[in-house]
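Residue numbering for the sequence shown follows full-length UniProt numbering, starting at 144 and increasing by one per position. Ideal Cβ positions, reconstructed from N, Cα and C, are used throughout, including at glycine. Every value quoted in this text rests on a predicted model; they were computed, and no experiment measured them.
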Amino acid sequence: WADEFAQNVRRDFPLLNDRKHRRSLAYLDSAATAQRPASVLQAMEDFDKHENANVYRGAYELSMQATASFNDARQAVEEYLGASRREVVFTRNTTESINLVALSWGSHNIERGDVIVATLAEHHSNYLPWLLLSQRVGAHVELVRLSSDGSIDEADYERALALKPKLVALSQMSNVIGVENPLDRLVKRAKSVGARVLIDAAQGLPHCGMRVDELDADWVAFSGHKIYGPMGIGCLWISADAFNEMDPVMSGGGSISHVGEGSYYLRPLAIQYEAGTPAISQAIGLAEAIRYVKGLGPNNICRHERVMTRYLMDGLRSIEGVTVWGDHTAQEGLHGLVSFTVEGVKPITVSKFLASLGVAIRAGGHCALPLHASMGLTGTCRISMATGTCRISMATYTTKEELDAALLALRLLVRLLSRSRALKEPFARED
Ligand code: PMP
């Protein structure tokens, strides 16, 4: 079923069907950026060709149409998240969304001596904004350890919460370990000690969805390009309570309702954070991507991911010298993202070898160097593809054939290496 599902879905993705890539590319890097279906490309092209005008600023039909389409796009995102009207801000990406919170909320609410809790598994985008803020004001970021299976060590989480943090910043799913965090439980515990909670949903949302009305968080950040939408558009959902504690750091056209000489009034809604002309066609593309995901059906997406992740895990585990990082035995760990290492071979070498056979995977620290350092996979915390892990990540269009291509290439690599080691060739081992 899962393979047939993916084969059908694939037809919707022009890049996967173009002559250059159809036979020669196994794209297994969707956690970095997912491909876009034709409907998303079409929606953006339609806007650019037939509706292009600035929003909120024209009384003529073209501008009013552009405004209506832009408003519809915001509404589509809000409905998908279970948010109330006008609680979603369009940003450029997850990174900008998180920085926006660090600057607009953090600068007014985090003071000398305060504690912010994050986990060791956070992407740099959900760590550095807090670290920089803390260094500016004299606060402290406490990183929660992980258990040996890669999940959050909940005893250590409790220890961190006992420090009475003002903010807890958590990812829905790690971009290295690929395991979904038990957000319900973690958010409830954070709220019980009075913390505000930010969720980095960049990696989780495309796989697990997100309902802000069922989770007591304060902010949810994500990127369009990881959920089959365009690059250059992201979102930040802001709860009503958090909104009252924030103040925009950027201002200009679009964010105000009135300006006089020496005075101004901000727009009353979250769009006061959208200063300047927004990325209108990208927002429309993102809304279309969300419609596309809804059309496929979250249950089908999950079912496909489970089967494919299990297949990949079984394949990887059968190859001598391959270590898979993180525990993917629970259902929560089967979201199409698996990191692994090959004994004695640099991740970049593995990735280049696979690339030479048309298999696109990712190698390195995946913007999560503290996590890799904690796994003993990078001594220096320097950005380098020579250390870290190799990552295979999937999307709804990933087929068994693509996973087989990766597994075959890995088996070949391991066989070649063991042969050269047997011959005592000097390049046989990389340290
Ligand atoms: N958080 C996580 C968990 C991610 O995987 C990524 C992207 N790799 C980001 C944040 C940053 O996303 P973006 O580059 O789109 O801002």
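Legend entry - Cβ distance (whole Å) where Ala-145 is taken to contact His-478 below 8 angstroms: Not quite, the Cβ-Cβ distance comes to about 14 angstroms (not below 8 angstroms), so this is no contact.
Legend entry - Ala-245 CB to nearest heavy atom of the ligand PMP below 7 angstroms: Ala-245: no, Cβ never under 7 angstroms from the ligand PMP.
Inset, instruction - Compute the distance between the beta-carbons of Tyr-540 and Gln-278, then report whether it is under 8 angstroms. - result: no
Inset, instruction - Could I get the ranges of all uninterrupted beta strand (DSSP E) runs contained in the segment 256–326, with 3 residues as the minimum, in chain order? - result: 258–262, 283–287, 310–314
Inset, instruction - Measuring alpha carbon to alpha carbon, tell me which of Ala-552, Ala-511, Ala-503 ends up nearest Met-537. - result: Ala-503
Legend entry - Test item: CB-CB of Gly-347 and Ser-314 under 8 angstroms: yes
Legend entry - Beta carbon of Leu-459 nearer than 8 angstroms to that of Phe-483: yes
Inset, instruction - Starting from the C-beta of Val-258, find all residues in its chain whose C-beta is less than 6 angstroms away, skip the five residues before and the five after it, and write them out in chain order. - result: His-283, Glu-285, Leu-306, Pro-308
Inset, instruction - Following the continuous beta strand (DSSP E) through Phe-190, name the residue where it begins and the one where it ends. - result: Note, Phe-190: premise wrong, no beta strand (DSSP E); not H, not E.
Inset, instruction - Look up Leu-512 in the DSSP assignment and say whether it is helix, strand or coil. - result: helix
Inset, instruction - With distances taken Cα to Cα, identify the nearest neighbour of Glu-239 among Pro-272, Pro-157, Ala-202, Pro-180. - result: Pro-272
Inset, instruction - Just the C-alpha distance for Arg-332 and Gly-501, rounded to the nearest angstrom, thanks. - result: 46 angstroms
Inset, instruction - Would you tell me roughly how many angstroms separate the C-alpha atoms of Ala-418 and Asp-356, rounded to the nearest one? - result: If I take the Cα positions, the gap works out to 27 angstroms.
Inset, instruction - Whole angstroms is fine: what's the gap from Leu-341's alpha carbon to Val-260's? - result: 10 angstroms
Legend entry - Terminal residues of the beta strand (DSSP E) in which Leu-409 lies: 406–409
Inset, instruction - Pick helix, strand or coil for Ile-535, following the three-state DSSP scheme. - result: Residue state, collapsed to three classes: strand.
Inset, instruction - Could you tell me the boundaries of the alpha helix (DSSP H) in which His-350 lies? - result: 348–351
Legend entry - Val-330 - partner residues in DSSP beta bridges: According to DSSP, which records beta bridges pairwise, Val-330 is partnered with nothing at all.
Legend entry - Check: Cys-510 C-beta below 7 angstroms from any heavy atom of the ligand PMP: yes
Legend entry - Boundaries of the beta strand (DSSP E) in which Ile-399 is found, first to last residue: 399–403
Legend entry - Exposure of Asn-387, with buried meaning 16 or more beta-carbon neighbours within 10 Å: exposed
Legend entry - Distance between Leu-551 and Leu-560 (C-alpha atoms, nearest Å): 14 angstroms
Inset, instruction - Please state if the CB of Gly-487 and the CB of Gln-425 are separated by a distance shorter than 8 angstroms. - result: no
Legend entry - Inter-residue Cα distance where the pair is residue 579 and His-164: No answer is possible for residue 579: it lies beyond the span of the chain, which begins at 144 and ends at 574.
Legend entry - Through-space distance from Leu-358 to Asp-547, alpha-carbon basis: For Asp-547 and Leu-358, the distance between alpha carbons rounds to 38 angstroms.
Legend entry - Check whether Ile-370 and Ala-422 have beta carbons under 8 angstroms apart: no
Inset, instruction - Run the CB neighbour count on His-350, radius 10 Å, all protein chains shown included, and call it buried at 16 or more, exposed below. - result: With a 10 Å radius around the Cβ and a threshold of 16 neighbouring Cβ atoms, His-350 comes out buried.
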